[in-house]
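Asker: Numbering (the numbering used here), first residue to last: 1 to 283.
By construction, the Cβ of each residue, glycine as well, lies at the ideal position given by its N, Cα and C atoms.
1. Between the Cα of residue 54 and the Cα atoms of 37, 248, 167 and 262, which residue gives the shortest distance?
2. Is the region 90 to 102 in contact with the region 112 to 120, if contact means three or more CB pairs nearer than 8 Å?
3. Are the beta-carbon atoms of residue 112 and residue 156 separated by less than 8 Å?
4. Once DSSP output is grouped into helix, strand and coil, what is the label at residue 269?
5. Quick one: measure Cβ to Cβ for residue 297 and residue 60, integer angstroms, because I've assumed they're closer than 8 Å.
6. Counting beta carbon pairs with one atom in the region 41 to 55 and one in the region 81 to 97, are three or more of them shorter than 8 Å?
7. Tell me, please, whether the CB atom of residue 110 is closer than 8 Å to any CB atom in chain C?
8. Going by Cα to Cα distance, which pick from 52, 159, 23 and 47 is closest to residue 32?
9. To the nearest angstrom, how far is it from the Cα of residue 115 to the Cα of residue 80?
10. Hey, how far is the Cα of residue 229 from the Cα of residue 160?
11. Relative to the C-alpha of residue 259, which residue among 65, 83 and 21 is closest?
12. So residue 268 packs on residue 236, CB below 8 Å; how close in whole Å?
13. Taking the beta carbon of residue 226 as the centre, do at least 16 other beta carbons fall within 10 Å, making it buried, or is it exposed?
14. To the nearest angstrom, how far is the alpha carbon of residue 170 from that of residue 158?
15. Sort 21, 95, 77 and 276 by Cα distance to residue 224 and report the nearest one.
16. Among the candidates 18, 263, 35 and 29, whose CA atom is the shortest distance from the CA of residue 95?
17. Indicate whether residue 249 and residue 76 have their beta-carbon atoms separated by less than 8 Å.
18. Locate the alpha helix (DSSP H) running through residue 156, then write down its first and last residues.
19. So, at 8 Å on beta carbons, what are the nonlocal neighbours of residue 233 in its own chain, with the 5 sequence-adjacent residues on each side left out?
20. So, with DSSP's three-state summary, where would you put residue 93?
21. Alpha carbon to alpha carbon, how far is residue 133 from residue 152? Give it in angstroms, no decimals.
22. In its own chain, which residues sit with a C-beta less than 8 Å from the C-beta of residue 148, not counting the 5 before and 5 after it?
23. Since residue 51 is in the alpha helix (DSSP H), which residue starts that stretch and which ends it?
24. Buried or exposed for residue 137, going by 16 or more other Cβ atoms inside 10 Å?
25. Rounded to a whole number of angstroms, what is the C-alpha to C-alpha distance between residue 240 and residue 18?
26. Between which two residues does the alpha helix (DSSP H) holding residue 284 run?
27. DSSP three-state label for residue 18, please.
28. What are the boundary residues of the alpha helix (DSSP H) that includes residue 238?
29. Over the uninterrupted alpha helix (DSSP H) stretch that includes residue 109, give me the two end residues.
Below you can see the structure in the form of structure tokens.
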């Protein structure tokens, strides 16, 4: 459905507010209009499906804004939510007795959650369903901004069906702050974390290992990139190797005239090939 229907697309280069203004100006549907459009869509009318989707894009924006704290591009979050909305419209039936809004919330959040878990480096430990539930609910379940007490942590663990240690570890990851490795003072009597670290840089085998690793990460990466086709290489470089923070999936979709989902598929396949090339080079 998402390839057959043209929708307004959020981008990461200054027009996000214009996109939000546009979707908020699209009229809401009455219950009768929604029912009629859903019936037409179930009969194969794609134009009816488009109207159902357009009228609910503002819902996606509202939900996506609730995930600002994960450090990901808001335009990408919205577009992932839009994919969830399209999946919901595809499965929506009037016989369910519920409005599309209520039915679509689950699908929108599911797509956004999956996107966050794929891209946020701090949540790699969230691999099981209970751990994912912990990740997305811990902040709202905390009663204050102070550290969790043992009783509060145990209550959250029991409620979400995870181990107490998992609650404490996730709490530390989500609330921990950076600490300067090098001290700000030149005072000989002051100490900083770096003063307690052993210096192995001058050890000959360590120097050789570092040089080999650097060569793999630079020359090896460039060699691996050269093995990709032009489109795949450009997508990877534009997304992850650009100095300005990189392009979004939707920026690249506009360049190639395809859907953001297609760009994501090409990117995933290219990254898989790169990992294989680098493993071969290291071996």
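Answerer: In this structure, then:
1. As a first step, residue 54 is located in the chain shown; it is residue number 54 there, counting from the start. Checked all of 37, 248, 167 and 262; the closest Cα to residue 54 is 37.
2. no
3. Indexing the chain shown from 1 puts residue 112 at position 112. Indexing the chain shown from 1 puts residue 156 at position 156. No.
4. Position 269 of the chain shown, counted from the first residue, corresponds to residue 269. Helix.
5. Any property of residue 297 remains undetermined from this structure, which presents the chain solely from 1 to 283.
6. yes
7. Of the chains in the structure shown, none is chain C; there is only one protein chain.
8. Reading the chain shown from its first residue, position 32 is the one you call residue 32. Out of 52, 159, 23 and 47, 52 has the C-alpha closest to the C-alpha of residue 32.
9. Sequence index remark: in the chain shown, residue 115 carries index 115 (1-based). Sequence index remark: in the chain shown, residue 80 carries index 80 (1-based). Those two C-alpha atoms are separated by around 7 Å.
10. Within the chain shown, residue 229 is the residue found at index 229, counting from 1. Within the chain shown, residue 160 is the residue found at index 160, counting from 1. Cα to Cα, residue 229 sits roughly 45 Å from residue 160.
11. Counting from one through the chain shown, the residue named residue 259 turns up at place 259. Of 65, 83 and 21, the residue nearest in Cα terms is 83.
12. Taking the chain shown and counting its residues from 1, one reaches residue 268 at position 268. Taking the chain shown and counting its residues from 1, one reaches residue 236 at position 236. With 8 Å as the limit, residue 268 and residue 236 do not qualify as a contact, their Cβ atoms being about 10 Å apart.
13. Sequence index remark: in the chain shown, residue 226 carries index 226 (1-based). With fewer than 16 Cβ atoms within 10 Å of its Cβ, residue 226 is classed as exposed.
14. The residue given as residue 170 occupies position 170 in the chain shown. The residue given as residue 158 occupies position 158 in the chain shown. Near 15 Å, if we compare the C-alpha coordinates of residue 158 and residue 170.
15. Here residue 224 corresponds to residue number 224 of the chain shown, with the count starting at 1. Nearest option by C-alpha distance: 276.
16. In the chain shown, residue 95 corresponds to position 95, counting from 1. Selected option, being the one with the closest Cα: 35.
17. Working through the chain shown from its first residue, we reach residue 249 at position 249. Working through the chain shown from its first residue, we reach residue 76 at position 76. Yes, they are a contact pair.
18. For the purposes of this step, residue 156 is taken as residue 156 along the chain shown, with counting starting at 1. That run of the alpha helix (DSSP H) goes 150 to 160.
19. Walking along the chain shown from the start, residue 233 turns up at place 233. Excluding residues within five positions, the ones whose Cβ falls inside 8 Å are 225, 226 and 270.
20. Residue mapping note: residue 93 aligns to position 93 of the chain shown, counting from 1. DSSP places residue 93 in coil when its eight states are reduced to three.
21. As a working note, residue 152 is residue 152 in the chain shown. As a working note, residue 133 is residue 133 in the chain shown. Going from the Cα of residue 152 to the Cα of residue 133 covers about 17 Å.
22. Within the chain shown, residue 148 is the residue found at index 148, counting from 1. These residues qualify, in order along the chain: 142, 156, 167, 168 and 171.
23. In the chain shown, the residue the question calls residue 51 occupies position 51. Segment 46 to 54, the alpha helix (DSSP H) holding residue 51.
24. Numbered from 1 along the chain shown, position 137 holds the residue referred to as residue 137. Exposed, by the Cβ-count rule.
25. Counting from one through the chain shown, the residue named residue 240 turns up at place 240. Counting from one through the chain shown, the residue named residue 18 turns up at place 18. Taking the straight line from one Cα to the other gives about 26 Å.
26. Examination of residue 284 is not possible in this model, given that the chain is present from 1 through 283 alone.
27. Position 18 of the chain shown, counted from the start, is the residue given in the question as residue 18. Three-state result, residue 18: helix.
28. As a first step, residue 238 must be located in the chain shown, where it is residue number 238. Taken as a continuous stretch (DSSP letters only), the alpha helix (DSSP H) holding residue 238 covers 230 to 240.
29. Counting from 1 along the chain shown, the entry for residue 109 is found at position 109. Note, residue 109: alpha helix (DSSP H), 100 to 119.
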